[in-house]
Every structure is written in structure tokens, then in C-alpha cells.
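In this note's numbering, the protein residues as written are 5 to 538.
Backbone N, C-alpha and C fix where the C-beta goes; we use that ideal spot for every residue, glycine too.
Report on the structure given below.
So, in C-alpha cells, the structure goes:
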């Protein structure tokens, strides 16, 4: 009888030798695989390749999601958290709760809060801090000389420039002669300082800071003033050293330009506070201007409903200057081009308007404003006071008025008799508009120009009154995508709400920029400097 070789298995059973050898070979195979060497290298190689493949899949999925959101950044506030549906288009506020209507689809996988459209940012922790200290009060020492000022630009550019000149006179220990205003700008307004500002209040309010006189005293009237255009965005040392030396030598200096002649940052605190006292307290408009503004505000609030002040800077001069002509006809585009060529001090003559629009630097069109306000959530019966001159284009404000019929200006709110002292006085009318915008429930601007900067800074100074700051670069992307049918109205509206959830003029510290000319203006945000935290 043939004897078969057997081996005892692990559990005590008897296995044929042939099966046992196979069992041993398989065991050695896995030991070889797990042993460092060429098999382990193969496993590591394929493991890394698998990991790389999964990483690429995740990356493409993330890029696709970010492209769909199409936002440069997400901005949120933390007042009341709610789950928001992608189809949400209507927010109803009841007391302290936000109720979401049309909540039909799966909520977005994020929590965010949306402020009520009329609610101002919380300013409980902040206060004005512009008081002068005892050591800042002038001591009566002799003046180093006299500063003549020729303010340049429109009303708000001149207003900020004069405020800087007050601070500069303080640094130079000089006497300021009442400034003369620009009569040669686009509007050619013949109004002078006393026509727009309460000059007696200006002199009296600043009497402990600097000396202000109506005109040069007789002893200096025959002196030929030294003409100078100060270097833009200069520090205090520039005026205390170079300009003061010239002042002591020539006694009278005429500053031919006043716009942006002081740095936004890096100045001593007393000088920053003085700039604010000049801008927001000393430069008070005349009673005539304030009385008309008060009448317009009363008429806007006659039904106890809030109103928006809209700085719709879609005017001929601004469109020509920026080269923006979106939604205009070819003839209108050509007219703007000719105006741009005719103004010698406008340096840029050939401008790609569509590229400017994509960069977010063009004034918003009336149609874009209407879509923007609707997306934010303002109902169609909202009262809108337009803070601007004549809107350019054959359609004017039609696209805006079709959606928001309650459109007002000083022209249709005031009577002819009330407006008669303001005929051909665009700077005086701009002062009326400035006052209405300052007192409005919500201020919205469509171009970050001098008036937008001045009004939003003043509203922050007065307790962070609500100012909606459009993110035009991202808004243009969104509205173009919606117009092409790539996103629905509901999705568009929700993204606009998210994008502007905390762009409402709240307390955000002004920070120095890498390029001085492009950093945030001191007068657009006087915090820090004139606003302090409790």
C-alpha cells in the first residue's frame, strides 16, 4: 500500500502533504510582499498613484464649487444665524426673528445671517473723540505768516481740502485766510466760501486751534505771495520743515491745490482730530442751504417711512472721465470720448470701458442699480432720493424708475421759488444733497468718488449710519452671468445678499496701504483718528 505523507493542520486536522506545501508557499508569498524590498516599493508606488488621483478629483470638485459661487470672498455677520435655501428670494422680518419664505429646496450647507435692510450697524461700543486738549489750544504766539488757499475741484473735494489746510496751518503756526473756491471746474459755479459755508461759525469754532482771517492785513497786502502746490499725501514733517522755512522767508504762501495734500495715516493724533473738527464741525453750511435740506427731508418722511439716498454718479463728466459707456448708444459713447479729449488735465484719453467695468471701477448704470436694490431686498415702493446732477443717456433713470417709481430729487421735491436762489449754483445744490444724504436712513453710492467718500465718512462719524458699499467687481460678474441665463434670479439674489451682508458702513479700522494713493481715504473712514472704542 502506498503511504501518503501527511501534516497536521493548525486546528489538529490532518491535511495531505501537497496541500500543506501550497499553504506554506502562500504564507511565504505574503511574507515576501510585506518584507521591505522590491514588492514593498511596488505597493508604495501604486498607493501614491491612487492618492494622487483622489487628490486631483477633490481639487477639481473644489474649483468647480468656487467657480459656481463666483465670489472673491464670502462676507458674513454674526447677529442671527439661519439656514438659507438656494431658492430664497423673500425675507420677512418679525420682531427679532427672520422668517424664510419659499423654503422649498435643500438648504445651503452653511449658516449665515442677513441684516434687516434698514437696520444700522451696531455702534454702541464707539464714540466721537475729537476734543482738543489744553496743550493744543493756541497760546497767542506770533504767526509765522499767512496761507492763501485756492481750493480745487467740486464741493466735496474742496471741503476735504480745506479741512487739510486747517490742519496744515496748525502745523506751520500760520494764519489761514478764508479759502477761495474753484469757479473753473466742470460746473463753473460762481459761489464762494461765504455763499456755501457759515463763515462766522467757521472762524469762531476754530479760534482755539488756528487763527482765521477774512483777508490779508494791510501790512501784508502788498506782498507778492509765493505760489506753491504742496506735494500730495505729505506727512506733517514736510510742512513743519520745508513749508515752514518758506513761510518764514516769504510771509505769504498761496497753495494753488488743496486736494489730498495730507497723508491719510501716520499723522499725530491731535492733527487727525483737528481734521475731523474742521470737516464735520467747523465747515457748517449756511442756514439757507440747511433750511432747504430740512424741508426736503421732512417731505420725504411725511408718511413716517424710511428712504434711501442714492448717489447715482451716472453723469456726463464722470462717464467721460472714467471711459465707461456700458448700455449707452454709439453716439453717446462718441460724445463722451470727445469730451474726454477736450479736457486737458484728464491724462487718460484712450480707455477700454468694458475692461474698467469688469474691474469694478465704473459707475453703476441705472438698470444695474435697480437690479442691485431689488436683489438686496428693497421693495418696489421704496422712496429713493437721487443725490446727483442730470443722469446721462437718452433713457436717463427710466430703468431705475420702472422698478422704483418713487424717485425724488431736489428738482421735484422743492418748489421753483425755493430753488430760485440755487439757480446755476451747482455747489450749493450739492450741499443740499449732501445734507439729505447724511440724514437718510440708508445711503447707497454707485461710484467711490469724492462725495461718496465724504458722506460715508461723515455717517460713520455720526454713529455708523447705514451705508451700503457695493462690491461692483463681483456684482458685475453675477449680473452678467444672470443675464446670460447661467444662474437663476433666486441664486443671483442670494449671492448678492451674502456678498453685501457686512458691507453696511460698520466699524472697520482704516489700515495703511502699500500704495498711498490707493489706500482708504481718511475722510471716508475716520476710524481710527476721530472715533474711539469705549
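Simplified DSSP state of residue i, which is helix, strand or coil
i           : result
residue 402 : helix
residue 254 : helix
residue 528 : coil
residue 465 : helix
residue 515 : coil
residue 379 : helix
residue 414 : helix
residue 2   : Nothing about residue 2 can be reported from this structure: the residues present for the chain run from 5 to 538 only.
residue 163 : helix
residue 358 : helix
residue 324 : helix
residue 145 : coil
residue 536 : strand
residue 180 : strand
residue 473 : coil
residue 395 : coil
residue 438 : helix
residue 287 : coil
residue 313 : strand
residue 152 : strand
residue 388 : strand
residue 353 : coil
residue 520 : helix
residue 132 : strand
residue 175 : helix
residue 446 : strand
residue 459 : helix
residue 120 : coil
residue 52  : helix
residue 343 : helix
residue 195 : coil
Per-residue burial, residue i [other beta carbons within 10 Å of its own, 16 or more giving buried]
i           : result
residue 216 : buried
residue 359 : exposed
residue 145 : exposed
residue 131 : exposed
residue 225 : exposed
residue 114 : The predicted model places residue 114 with a pLDDT of 43, which falls under 50 and marks its position as unreliable, so this point remains unresolved.
residue 192 : exposed
residue 245 : exposed
residue 204 : exposed
residue 303 : exposed
residue 429 : buried
residue 69  : Note that residue 69 has pLDDT 47, beneath the 50 cutoff, so the model's placement of it is unreliable and no number is given.
residue 6   : Low confidence applies here, because residue 6 scores a pLDDT of 46, under 50, leaving its location unreliable; read the following figure in that light. Classification of residue 6: exposed, given that the 10 Å Cβ count is below 16.
residue 52  : exposed
residue 460 : buried
residue 160 : buried
residue 366 : buried
residue 208 : exposed
residue 492 : exposed
residue 514 : buried
residue 490 : exposed
residue 158 : buried
residue 488 : exposed
residue 448 : buried
residue 478 : buried
Rounded Cβ spacing between residue i and residue j (contact assumed at less than 8 Å)
i           : j           : result
residue 378 : residue 407 : 6 Å
residue 505 : residue 531 : So it is not a contact: roughly 20 Å between Cβ atoms.
residue 520 : residue 237 : 5 Å
residue 468 : residue 509 : 6 Å
residue 250 : residue 171 : About 18 Å separates the two Cβ atoms, so there is no contact after all.
residue 398 : residue 333 : 7 Å
residue 182 : residue 162 : Going by Cβ atoms, the distance from residue 182 to residue 162 rounds to 13 Å, so no, they are not a contact pair.
residue 315 : residue 392 : 6 Å
residue 273 : residue 524 : Their Cβ separation, rounded to whole angstroms, is 18 Å, which puts residue 273 and residue 524 out of contact at 8 Å.
residue 380 : residue 500 : 6 Å
residue 240 : residue 214 : No, residue 240 and residue 214 are not in contact; Cβ-Cβ is about 14 Å, not under 8 Å.
Proximity test, residue i beta-carbon vs the ligand MN heavy atom, cut-off 6 Å
i           : result
residue 309 : The ligand content of the structure shown is nil, which means the ligand MN is not present either.
Any chain D beta carbon closer than 7 Å to residue i
i           : result
residue 272 : Judged by its chain identifiers, the structure shown contains no chain D, having just a single protein chain.
Residue ranges of each alpha helix (DSSP H) run of no fewer than 4 residues wholly in the segment 199-278, ordered along the chain?
-> 203-209, 222-225 and 248-254
Would you list, in sequence order, the uninterrupted alpha helix (DSSP H) runs of no fewer than 4 residues that lie entirely inside the segment 479-518?
-> Correct list: 493-503.
Contact between the segment 429-443 and the segment 453-462 (3+ Cβ pairs under 8 Å) | yes
Segment contact flag, the segment 306-319 with the segment 192-209, C-beta cutoff 8 Å, min 3 pairs | no
Taking one C-beta from the segment 125-140 and one from the segment 459-469 each time, how about it: are there three or more such pairs within less than 8 Å?
-> yes
Pairing CB atoms from the segment 273-293 with CB atoms from the segment 166-173, are three or more of them under 8 Å?
-> yes
Inter-stretch contact at 8 Å, needing at least 3 Cβ pairs: the segment 248-262 / the segment 282-297 | The way I'd put it, the segment 248-262 doesn't touch the segment 282-297; fewer than three beta-carbon pairs between them come closer than 8 Å.
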